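Protein chains in written order, with my numbering: chain A, 11 to 726; chain B, 11 to 726. We treat Cβ as the ideally placed atom computed from N, Cα and C, and that holds for glycine. For clarity, every value in this text was computed on a predicted model and none was experimentally measured. A quick write-up on the structure given underneath.
Spelled out as structure tokens, the structure:
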């Protein structure tokens, strides 16, 4: 279609939609409308409406590159191409076994009138939101360049409620604050005081994505990005007078925000929108904007449930990652067999065998072992280029013996590569580390990036490190190894492309239960709306011992039953039962839910959701007629409404319902629970009480006959 | 020995050597005397005398660490230990097959009176000079720390003549200036204007090591360092009023000069001294201060002579490293087979075969091929993390076919890994790159680091990069690969420890003959006193075509015969015959010397030497009764005196003498040569005329009988 015809098409659109302006496309269902034009300055501008409500007002787009060269003005539209696409695809693992991708696309080709500089913007409008990215076409006069600033504006229509954490180039582990945009400035200084292992807070009023917003008139808006590859992670500058958010790319330490080559594209900027919060959680927009799976063989990628030598390091019981009290060990030179062990090393062969036994007895797939390898005596990174060996075990950790022992019981051991952020040294050891894993039967690794980074030019979320994480994942795929990265840049759906990137942390997880600032009761009702928008989180739930103060530490943030519900409400294809063996042995009844719950799903139904308040989700286990429901609430007790219409029609099912005890309360009586079985059909609706920061967890199986139903309560 | 006895010992020394002070040790031959003490501020101070002349006046030692913490004052001597050692060792390759190491050692253990901070200084005094290093003992209260400054002073006794290049954290390729110390400041600005691919000149009056100095009273002093490992390269601040040099470590871009852990040691600071310049060149002090070879099998390490597809890229003939004119190629994505070749790619299969044929016909071991791999279209680095593939050849370079072809002719192909200083990406590809080499029959690689560095926190000579170069060499050793690194930090004898580090460039080499600023006639008479003090240089001599202006470029700096002499005067276990095949075919007679000359030696004799003026060296080929002599001069013609007393007694030898033609002159008639054979014995002394920037090259074999001597001139 030539330019002439397009102008006519636009004219017709203008007649039919007089409130809009410029070039307009709408979503397949017509609810979302995107407008685009170039203003008098030649700045590309766009706006977004949802059911005749303004999501984003006219906001600018573009860049400043190199030495203050404008790539955000002086443009005219050279050409526009439209497209529509609908397809279905099947993820290797996920919340659903079939995902629809249906969008209308507008590719705008811009050219600067004077410099002839070219820039393309590709918009994709789905029913659940908008994605757009910049594309830098190959052109004369521009080849490799640096980004001084990305100038993408998200001009919100009002002083929305925001669920936010401060921008920090090195951490995503801040507690989530809930406030109006205009209140952020009064809270920011205090929030930034949070004690974290590595901190590089952005200056000024800057917050992170995924950012969840709610407008007074009931719109839910989520801003994030998809397919973050070879680009810095985006934060958002907040103008709290105009409620305009502007992209703020993570710089390197020289202040450069991107090293770009023409022929490449940016990540997608994503705006997920609905007037129903459940649609935000159900959205597949970010996944749909990522590239399809690039691995040809994915048969070795397997979701799993695991236990591990981990939580004991946080509970104050004395168990440590370190093997000795030695100072000044040098990896590759120090002979650990000649050092005196201090006697409280957690990852010793005997103790790991206890975990292997426990995993085998209770049907867990794997045991994570932290503290198995040389180097923990180094205490921290940054001043040392090499902190850890990834191929040498401590003398009391028998790699081969444990491999044999675990194999004989059908259990895997999960490798642990804490790097203390010595990323460059990790790359040096990477092939040897993965060879070592293959040789010793490991097929999954938890990576860690605690502390300040080497290369010292980089932050955790800068372009170089974004490439590092993906380099590790791609190299791991060559060895058929799954990666669960902690303290890495927050996910953006890249796991669709590399599904061996099985999970990430990249947020405040369960470990903070043991730190003084703890976890707030509403935290897990927000996480799915923020951090989890980009991908699964290894949150490590399942803490049964509520009163961590017996270990001289903090108090758990929820009831015991809410911990169960998290296995459903926090999606991840790997889930840890994080508590100590002794605590699970004290509570065998609720532990049964953790043993039963699936980690991979055919279908997910978001039953109830309100960010910061509550979430109720039902999921069908992959390939099985088993369903699991999780419901959680914040610091307020509530009654969840759970319709069982996600079940197939015409059959009876037995639901095992794990509920907070009548006297349960996260602060006063967190461990109180009640378990009962009931008969349900797809007509049943359960009114389920949740205690303060409480929850409910339900496992459902088909009734095999009337026999088993006798005496059970029926839910109507 | 307790502290009491040491004080008595010192007292006796003071009586017998009244001009000295503090703790004194002398060299095995008694010519050098080192004095050490702690002054009133608690600063460690040392001085050095040679035959009753002052080499270094009392100079301070120590550091400033962390946040301005003094580690250069407040000390007292806690203990001193003395030792003496004499041994002989055999290098894997070298200028001699047997090296003596004989030194007296003094280990001073210092402790700060208030902080109890400990610092050790280890001195080793050889007949040819002094080495000392700092050692950071494991101690309470200090573990990992950063160096803000090293405060080592070299307090010279006068305004010596210096052969210097300006300090530059990214380059050693400046032309060498000759001036008094007090003249440096007037020359510095101009010298720093030199156009180089990467430049990061230090601020102020700072110069590089190896620094050659000559005093008015005839002392030759060389300052450098040995065993540079996990530490930044040292430059020298110049105080041109007091003639004090102070260590100036290469910082990273955050300004930090070292990340250090207690239990480690610094490189050795070396001062080679003599009143005979020949002793400077003959010194093995830097090698002796390096660790013995750490490779168990060295049988695969083989010195070699090579030709290559290289010089044609500099001569303006049109041959290029690139395969296409394509812009914006992306390694791993661009399909080069679909690009249109521009038709003047040097490293094409047909052309490389010509070089293989030429090498086979003329007895060369190997052919270097630059421009064989994808990525040269990227033009430069720094703005791109990945510039090159080290495993994908251009479509017109048949890796397997050339391997077969070369093997069938007994010739190796030398791999080329130009990185454009994308060091982090090179590390990512390293294992794959070396696997590729092994799979395709390569056993040596020329590495390159042109341009600015990634990681962007680093300079070519900063600590991280020092570790990088060694990481590459050590990893290469695992694959039995030899490394010839260009644009890497200048060598410090580490090749003793890792003899697969077969050579380096790290100075202004032959390529500059083709650049506008060129090479000065005295350059090669200085290099052995500066750059080569640390190790062999891949200078790539043998340029026969004197008038490069026919290629639109510069004029060669020497006569043709001087180019021959460089194969002897510039030591390297790998030597290139760098010129084009066509030029060697034009001059088959002098080319014979390059074909004959050895690259590994049993014994070396420095016959004449004066930095900046002339060098005459005789060497015996390893394991053969063949000798080679090279004599060169600067811009002045001279007569070299060559005594043949390096030859065994009682026999007659046939010397083939390659001399400048009578009308030879580097500017007017560089290609004029004369070749004749003569009979010599070990009593013979040759007075050999050298043209302006000329030379002489002599190959010597035993006479097998009187037959072959008939008609030959006899040299008395």
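Measure from the alpha carbon of residue 296 of chain A to the alpha carbon of each residue in A:135, A:35, A:38 and A:648, then state which is nearest.
-> As a working note, residue 296 of chain A is residue 286 in the first chain. That would be A:135, whose Cα lies nearest to the Cα of residue 296 of chain A.
Specify the secondary structure class of residue 626 of chain B as computed by DSSP and reduced to three states.
-> Translated into the one-based positions of the second chain, residue 626 of chain B becomes position 616. It is a strand residue.
Put residue 438 of chain A into one of helix, strand or coil per three-state DSSP.
-> Counting from 1 along the first chain, the entry for residue 438 of chain A is found at position 428. Residue 438 of chain A: helix per DSSP, three-state reduction.
Rounded C-alpha distance that separates residue 467 of chain B from residue 667 of chain A | If you number the second chain from 1, residue 467 of chain B lands on position 457. If you number the first chain from 1, residue 667 of chain A lands on position 657. Looking at the backbone, the Cα of residue 467 of chain B and that of residue 667 of chain A are separated by about 56 Å.
Between B:137, B:147 and B:125, which lies nearest to residue 131 of chain B when the distance is taken from Cα to Cα?
-> On the second chain, position 121 is the one that residue 131 of chain B refers to. Nearest option by C-alpha distance: B:147.
For residue 310 of chain A, which residues from the same chain have a beta carbon less than 6 Å from its beta carbon, with the 5 sequence-adjacent residues on both sides left out?
-> Locating residue 310 of chain A in the first chain gives position 300, where the first residue counts as 1. Excluding residues up to 5 positions away in sequence, 490 lie with their Cβ nearer than 6 Å to the Cβ of residue 310 of chain A in the same chain.
Amino acids of chain B, ordered along the chain, whose beta-carbon sits closer than 8 Å to that of residue 234 of chain A | By 1-based counting over the first chain, the position of residue 234 of chain A is 224. By Cβ distance, chain B contributes nothing, its closest Cβ being about 24 Å from residue 234 of chain A, past 8 Å.
Using a Cβ cut-off of 8 Å (strictly closer), state whether residue 399 of chain A contacts chain B.
-> Within the first chain, residue 399 of chain A is the residue found at index 389, counting from 1. Under the Cβ distance rule, residue 399 of chain A does not count among the residues neighbouring chain B, no pair being separated by less than 8 Å.
According to a CB-to-CB cut-off of less than 8 Å, which residues of the segment 271 to 283 of chain A neighbour chain B?
-> Those residues of the segment 271 to 283 of chain A placed with their C-beta closer than 8 Å to a C-beta in chain B are 271, 272, 273 and 274, ordered along the chain.
Going by Cα to Cα distance, which pick from A:239, A:475 and A:195 is closest to residue 179 of chain A?
-> Counted from its first residue, the first chain places residue 179 of chain A at position 169. Considering only A:239, A:475 and A:195, the residue with the shortest C-alpha distance to residue 179 of chain A is A:475.
Interface partners of residue 262 of chain A on chain B, CB under 9 Å = Within the first chain, residue 262 of chain A is the residue found at index 252, counting from 1. Correct list: 466 and 467.
In the DSSP assignment, find the unbroken alpha helix (DSSP H) run with residue 249 of chain B in it and report its ends.
-> Residue mapping note: residue 249 of chain B aligns to position 239 of the second chain, counting from 1. Residue range 244 to 249 is occupied by the beta strand (DSSP E) that includes residue 249 of chain B, with no alpha helix (DSSP H) assigned at that position.
Of all the CB atoms in chain B, is at least one closer than 8 Å to the CB of residue 395 of chain A?
-> On the first chain, residue 395 of chain A is found 385 positions in, with the first residue counted as 1. For residue 395 of chain A, the closest Cβ of chain B is nearer than 8 Å.
Give a yes or no on whether 8 Å exceeds the smallest Cβ distance from residue 474 of chain B to chain A.
-> In the second chain, the residue the question calls residue 474 of chain B occupies position 464. Residue 474 of chain B belongs to the set of residues whose beta carbon lies under 8 Å from a beta carbon in chain A.
Could you check which residue in A:357, A:391, A:696 and A:93 has the C-alpha nearest to that of residue 650 of chain A?
-> Taking the first chain and counting its residues from 1, the one referred to as residue 650 of chain A is at position 640. It is A:696.
Residues in the segment 436 to 459 of chain B having any Cβ partner in chain A nearer than 9 Å = Here the close residues are 437, 438, 440, 441 and 442.
CB contact below 8 Å: residue 477 of chain A versus chain B = For this step, residue 477 of chain A is matched to residue 467 along the first chain. Taking Cβ atoms only, chain B reaches closer than 8 Å to residue 477 of chain A, which makes this a yes.
C-beta contact flag for residue 621 of chain B and residue 554 of chain B at 8 Å = As a working note, residue 621 of chain B is residue 611 in the second chain. As a working note, residue 554 of chain B is residue 544 in the second chain. Their beta carbons are not under 8 Å apart, which means residue 621 of chain B does not touch residue 554 of chain B by this criterion.
Apart from the five residues just before and just after residue 529 of chain A, which ones in its own chain have a Cβ nearer than 6 Å to its Cβ?
-> The sequence position of residue 529 of chain A within the first chain is 519, counting from 1. Hits under 6 Å: 522, 523 and 567.
Under the three-state DSSP convention, the category residue 344 of chain A falls into = Start at 1 with the first residue of the first chain, and residue 344 of chain A comes out as number 334. Residue 344 of chain A falls in the coil class under three-state DSSP.
Within its chain, find whatever has a CB closer than 6 Å to the CB of residue 413 of chain B; leave out the 5 residues flanking it on each side and keep chain order.
-> Counting from 1 along the second chain, the entry for residue 413 of chain B is found at position 403. Excluding positions up to five away in sequence, the list reads 450 and 451.
Start and end of the beta strand (DSSP E) containing residue 702 of chain A?
-> Stepping through the first chain from its first residue, residue 702 of chain A is reached at position 692. No beta strand (DSSP E) contains residue 702 of chain A, which DSSP labels as neither H nor E.
Nearest-angstrom Cα distance between residue 80 of chain B and residue 73 of chain B?
-> Position 70 of the second chain, counting from 1, holds the residue named residue 80 of chain B. Position 63 of the second chain, counting from 1, holds the residue named residue 73 of chain B. Looking at the two C-alpha atoms, the distance is approximately 7 Å.
Where residue 25 of chain A falls, given that 16 or more other Cβ within 10 Å makes a residue buried = One-based indexing of the first chain puts residue 25 of chain A at position 15. Because the pLDDT of residue 25 of chain A is 34, which lies under 50, any placement of that residue in the model is unreliable, and the question is left without a value.
Comparing the C-beta of residue 155 of chain A with each C-beta of chain B, is any distance below 8 Å?
-> Residue numbering aside, residue 155 of chain A sits at position 145 when the first chain is read from its first letter. Closer than 8 Å: yes.
Cβ-heavy atom distance between residue 550 of chain B and the ligand SAM below 7 Å?
-> Within the structure as shown, the ligand SAM is missing, as the structure has no ligands at all.
Indicate whether at least one CB of chain B lies closer than 8 Å to the CB of residue 568 of chain A.
-> Here residue 568 of chain A corresponds to residue number 558 of the first chain, with the count starting at 1. Closer than 8 Å: no.
With DSSP collapsed to three states, give me the class of residue 494 of chain A.
-> What you label residue 494 of chain A is simply residue 484 of the first chain in a count that begins at 1. DSSP, read as helix, strand or coil, puts residue 494 of chain A in strand.
Residue 301 of chain A CB to nearest chain B CB: under 8 Å?
-> The residue you call residue 301 of chain A lines up with position 291 of the first chain. False, the Cβ-Cβ gap to chain B never drops below 8 Å.
To which residues does DSSP link residue 679 of chain A through a beta bridge?
-> The residue given as residue 679 of chain A occupies position 669 in the first chain. Under DSSP, the beta-bridge partners assigned to residue 679 of chain A are A:675.
If you draw a straight line from the C-alpha of residue 636 of chain B to the C-alpha of residue 710 of chain B, how long is it?
-> Walking along the second chain from the start, residue 636 of chain B turns up at place 626. Walking along the second chain from the start, residue 710 of chain B turns up at place 700. Their backbone Cα atoms lie some 6 Å apart in a straight line.
For residue 536 of chain B and residue 164 of chain B, believed in contact at Cβ under 8 Å, the rounded distance = For the purposes of this step, residue 164 of chain B is taken as the residue at position 154 of the second chain. For the purposes of this step, residue 536 of chain B is taken as the residue at position 526 of the second chain. In fact, because the Cβ distance is near 20 Å, the residues do not count as touching under 8 Å.
Does the beta carbon of residue 8 of chain B come closer than 8 Å to any beta carbon on chain A?
-> With chain B covering only 11 through 726, there is no way to say anything about residue 8 of chain B.
Contacts around residue 720 of chain A, its chain only, beta-carbon distance under 7 Å, and the 5 residues preceding and following it disregarded | As a first step, residue 720 of chain A must be located in the first chain, where it is residue number 710. Excluding five sequence positions before and after residue 720 of chain A, none of the CB atoms of its chain fall closer than 7 Å to its own CB.
How big is the Cα-Cα spacing for residue 587 of chain A and residue 318 of chain A?
-> Mapped onto the first chain, residue 587 of chain A falls at position 577. Mapped onto the first chain, residue 318 of chain A falls at position 308. Cα to Cα, the separation comes out at about 8 Å.
Give a yes or no on whether the minimum CB-CB distance between residue 337 of chain A and chain C is below 8 Å.
-> Here chain C cannot be found, since the structure's protein chains are A and B.
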